[in-house]
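Counting from 1, position 58 in the sequence shown corresponds to residue 57 in numbering that gives the first Met the number 0; the numbering is continuous, with no gaps.
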Amino acid sequence: MVDLPQEYLDYTPSVLVTGSAEGQGGKDLEELKGVKLDVPIKGKFDELSADFTGVLLAGLKDNITGAAKAKAKAAAEKVKAEAKAKLDAEKAKAQERLNAEKAAAKEKAQAELDAKKEEAKKKAASAAEKAKDKIKSGLGTLLK
C-alpha cells in the first residue's frame, strides 16, 4: 500500500531462496534453499530514503522473529501432543494390567472360597457319618 498524502509505504514482497553461491557460505545457503521470506517495507518516505537498509533489516528481523516463535510454538505443541499420546498409551496399559491383576485376584479368591466350601461339605458329611455310626451303635446296644 502506498499512501501518497501521508507519504507512507507499507509493502511486503516475498523472497524465495532458490540456490547457493559458491564461495559465499554455500553450505549455509544450501540449507536455506526453498525457504520463503517476507520482507516488510514500512515507513514514511523520508525514513525510507534516509535509512532504507535499516528499515528493511528491522522489518526482516521482526518477521524472522515472529516466524521463529511460531515455529517453536508449533514444535512445542507437537511435542506436547506426542507426550500426551504416550501418556494416554501408558495409562491404558496400566489400566489393562490393573484389570488383569484384579481379575486374577478375584479368580484366586473364588477358588479359595470354593475349596473352603468343599472342605466344609466333607467335614459335614464326615460328622453326619460319625453321628449315624454312633446312633447305630447306640441302637445296637439297646436292641440286644
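For glycine and all other residues, C-beta sits at the position ideal for the given N, C-alpha and C. No experiment lies behind these values; they were computed from the predicted model shown.
Residue burial classification, Val54 (beta-carbon count within 10 angstroms, cutoff 16): With 16 or more other Cβ atoms within 10 Å, it is buried.
Neighbour-count burial assignment, Gly22, 16 or more Cβ in a 10 Å radius: Legend: pLDDT at Gly22 = 44, less than 50; position of this residue unreliable, value from coordinates given subsequently. Residue environment analysis places Gly22 among the exposed positions, since fewer than 16 neighbouring C-beta atoms fall within 10 angstroms of its C-beta.
Assigned exposure category for Gly42 - 16 Cβ within 10 Å defines buried: Buried.
Span separating the alpha-carbon of Glu89 from that of Asp37: Going by the C-alpha atoms only, they are around 43 Å apart.
For Leu3, the first and last residue of its enclosing alpha helix (DSSP H): If you look at Leu3, you'll find it isn't in any alpha helix (DSSP H); DSSP assigns it neither H nor E.
Reduced DSSP secondary structure (H/G/I, E/B, other) of Val38: The answer is coil: DSSP assigns Val38 none of H, G, I, E or B.
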